[in-house]
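In what follows, a single structure is set out as structure tokens and then discussed.
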Amino acid sequence: MLKMIEENEADIYRALYQDLSKPESEAFISEVAMTTGSCKLALKELDQWMKPQKAKTTVTTYPSSAEIVSEPLGIVLVISTWNYPFLLSLDPVIGALAAGNAVVLKPSEIAPASASLLSKLFREYLDNSAVKVVEGAVDETTALLEQKWDKIFYTGNGRVGRIIMAAAAKHLTPVILELGGKCPAVVDSNTNLQVSAKRIVAGKWGCNNGQTCIAPDYIITTKAFAPKLIDALKNELVEFFGDYPMKSKDMSRLINLYHFKRLTSLMDEDEVSDKIVVGGQRNEEQLKISPTILLDVPETSQIMQEEIFGPLLPILTVDNVEDSFNIINSRSKPLAAYIFTSDEELKKAFVRDISAGGMLINDTIIHLTVDSLPFGGVGESGMGSYHGKFSFDSFSHKKGVLYRGFTGDSPTRFPPYTPAKLRLL
Ligand code: NAD
1 MLKMIEENEA DIYRALYQDL SKPESEAFIS EVAMTTGSCK LALKELDQWM
51 KPQKAKTTVT TYPSSAEIVS EPLGIVLVIS TWNYPFLLSL DPVIGALAAG
101 NAVVLKPSEI APASASLLSK LFREYLDNSA VKVVEGAVDE TTALLEQKWD
151 KIFYTGNGRV GRIIMAAAAK HLTPVILELG GKCPAVVDSN TNLQVSAKRI
201 VAGKWGCNNG QTCIAPDYII TTKAFAPKLI DALKNELVEF FGDYPMKSKD
251 MSRLINLYHF KRLTSLMDED EVSDKIVVGG QRNEEQLKIS PTILLDVPET
301 SQIMQEEIFG PLLPILTVDN VEDSFNIINS RSKPLAAYIF TSDEELKKAF
351 VRDISAGGML INDTIIHLTV DSLPFGGVGE SGMGSYHGKF SFDSFSHKKG
401 VLYRGFTGDS PTRFPPYTPA KLRLL
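As structure tokens, this is what we get:
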């Protein structure tokens with residue numbers, strides 16, 4: 001697979017440009033380098049990951065020894081999504097293969113150039129008796145879901161996540177669901193404003209133009225600090241994408257007309273459209289919406305109800321930064337939660353009081369690149385996790401094995417249970 005990716009980088013960039021007009025540097029970092037990195041890590045660490053783990057025994061089993069043995073689950077179905085069509089297809093496949101499984105990958109039909117390239121490359125480079133691509137949309141996925149699998153790994157939205165889990169339940173198949181949600185970013189006034197703004201802009205618009213499951217979905221800051229934050233975000237946007245971001249070559253476009261219309265309708269809702277403080281431009285033909293910031297949209301508006309998954313960034317304001325915790329906790333548990341602050345107590349409280357799939361203090365998105373951290377959701381943002389050794393473990397069965405010799409049986413263990421034996425207990 002490593003060879004497959006390295007020898008076909010140019011085709012991968014072409015497919016990503018066709019599907020999302022993804023800039024090459026972004027495609028290199030988030031799709032090529034991350035997947036080759038996962039391959040190399042698995043190749044380097046696999047011997048270690050596979051080693052049986054010694055386990056403690058109890059007095060009841062004395063004398064004995066114990067270990068936990070990882071064994072493959074069998075055949076794994078990976079159903080992938082369109083926003084990082086290579087990374088989110090290949091990364092789970094790498095984990096599943098490393099753990100010794102056979103794999104069927106169903107890439108997303110919404111990124112067709114990437115799906116067909118994956119299918120072609122798998123045919124050319126990989127052992128198709130162990131791993132193959134099945135292309136298709138709802139009908140094909142439904143047919144796949146009727147089969148019995150040993151694990152299903154799904155990335156996508158929660159509505160389909162429920163369909164996957166219901167289908168899996170028929171065969172008692174375990175699932176990993178990598179879903180989405182509204183990821184909050186809290187910005188305290190006690191922060192390095194310029195660095196915070198740069199990292200928010202990078203995580204929101206610099207990665208696939210907001211079409212990222214862990215992109216900051218909305219910001220919460222104090223009323224007093226909001227104007228300064230908005231100015232800083234504006235400056236960074238100009239720094240990154242110039243005065244005409246719609247013309248920038250450094251930003252992906254929206255995936256398709258359906259999502260363009262969904263996003264424009266979020267912006268055009270009553271009581272929302274007049275809250276735009278930055279951006280708001282759109283071009284349907286090019287499937288582009290400029291980076292758009294909205295201030296104080298109603299919490300009940302659609303833009304604050306559904307995952308945005310695009311270049312719109314609402315900012316909610318509160319009197320005290322701690323009030324942000326109630327807002328976050330009153331909603332579904334997000335896939336990621338961010339806070340920008342220099343206040344150590346506030347950082348501690350955020351980690352302690354907010355539940356999220358993962359968390360990053362003073363930055364956005366890049367926790368995804370740390371292989372020693374599990375990546376996955378909680379509650380509505382999903383279940384199970386992967387990356388690095390967590391992938392290997394997620395696609396393995398952990399078999400507990402106890403070894404005994406033929407000596408050392410306590411007489412109390414076997415009938416007849418006499419009063420004399422009872423006294424020995
Ligand atoms: P999508 O439309 O590509 O759907 C994902 C997969 O589900 C596709 O392979 C598709 O064929 C299949 N599918 C769609 N409808 C189906 C049905 N009725 N029955 C069976 N299969 C069906 O992608 P999407 O759902 O629009 O993806 C965006 C969502 O994914 C967002 O919520 C985002 O946050 C989430 N996401 C999560 C992660 C993560 O790692 N947690 C990563 C990326 C995206």
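Mapping to full-length UniProt numbering: the sequence shown position 256 is 256, numbers consecutive. For every residue, glycine included, the Cβ atom is placed at its ideal position computed from N, Cα and C.
What does the Cβ neighbour count give for residue i, buried or exposed, with the cut at 16 atoms within 10 Å?
| i | result |
| --- | --- |
| S372 | exposed |
| V138 | exposed |
| R199 | buried |
| L145 | buried |
| N326 | exposed |
| G279 | buried |
| F350 | buried |
| P227 | exposed |
| G242 | exposed |
| E307 | buried |
| Q281 | exposed |
| Q211 | buried |
| I339 | buried |
| E380 | buried |
| P245 | buried |
| L117 | buried |
| G206 | buried |
| Y84 | buried |
Helix or strand or just coil, what does DSSP make of residue i?
| i | result |
| --- | --- |
| P227 | helix |
| residue 433 | Given a span of 1 to 425 for the chain in the structure shown, any question on residue 433 remains unanswerable. |
| E93 | Looking at the sequence provided, one finds Val at residue 93 rather than Glu. Helix, per DSSP. |
| A55 | strand |
| H259 | helix |
| E271 | coil |
| P291 | coil |
| F340 | strand |
| E71 | strand |
| R331 | coil |
| A102 | strand |
| Y244 | coil |
| R253 | coil |
| S324 | helix |
| M383 | strand |
| P23 | coil |
| I365 | coil |
| Y403 | strand |
| I276 | strand |
| V378 | coil |
| P85 | coil |
| N235 | helix |
| I308 | coil |
| residue 426 | This structure cannot speak to residue 426, because the chain is shown only from 1 to 425. |
| E31 | helix |
As a quick exercise: from the options, pick the residue whose alpha carbon is nearest that of residue i.
| i | options | result |
| --- | --- | --- |
| A143 | G156, I164, F375 and F28 | I164 |
| H397 | N8, V32, A27 and L73 | L73 |
| A42 | A10, L402, N209 and H387 | H387 |
| G405 | P63, I327 and C39 | P63 |
| E124 | D323, E7 and N362 | E7 |
| S385 | T364, K399, G357 and G400 | G357 |
| R253 | V318, P291, E269 and E45 | P291 |
| V277 | L263, I293 and S394 | I293 |
| G158 | E236, K182 and D274 | K182 |
| V370 | W149, M34, E26 and E24 | M34 |
| V160 | D150, K148, L118 and S108 | S108 |
| N209 | L20, F340 and V297 | L20 |
| V401 | I29, L46, I12 and A55 | A55 |
| T221 | L229, I214 and A215 | L229 |
| V179 | T407, I12, K421 and A336 | Going by the sequence as given, residue 179 is Leu instead of Val. Comparing Cα positions, the closest option is A336. |
| V78 | P92, S70 and I68 | P92 |
| P311 | S80, T141, F375 and K288 | K288 |
| T155 | D274, D343, T81 and F240 | T81 |
| V32 | M1, E140 and W205 | M1 |
| C39 | K151, S324, S391 and K106 | S391 |
| G100 | E140, E322, L121 and D150 | D150 |
| I176 | P374, S355 and L424 | P374 |
Using a Cβ-Cβ distance under 7 Å, would residue i count as near chain C?
| i | result |
| --- | --- |
| L257 | As a matter of chain content, chain C is missing from the structure shown, which is built from one protein chain. |
Flag this pair as touching only if the segment 168-175 and the segment 185-196 have three or more C-beta atom pairs under 8 Å; answer yes or no. no
For the segment 183-221, which segments carrying the beta strand (DSSP E) assignment without a break, of at least 3 residues, lie completely within its bounds, in sequence order? Entirely contained in the segment 183-221, the beta strand (DSSP E) runs reaching 3 residues are, in chain order, 184-187.
Between the segment 259-270 and the segment 294-306, are three or more C-beta pairs nearer than 8 Å? yes
Inspect the CB distances between the segment 125-137 and the segment 49-63 and report whether three or more fall short of 8 Å. no
With a cut-off of 6 Å, give the chain-ordered residues whose Cβ is closer than this to any heavy atom of the ligand MN. Looking for the ligand MN in the displayed structure turns up nothing; the ligands present are the ligand NAD.
My parser needs the alpha helix (DSSP H) runs of 4 or more residues fully inside the segment 105-161; what are they? With a minimum length of 4 residues, the continuous alpha helix (DSSP H) runs that stay inside the segment 105-161 are 112-125 and 138-146.
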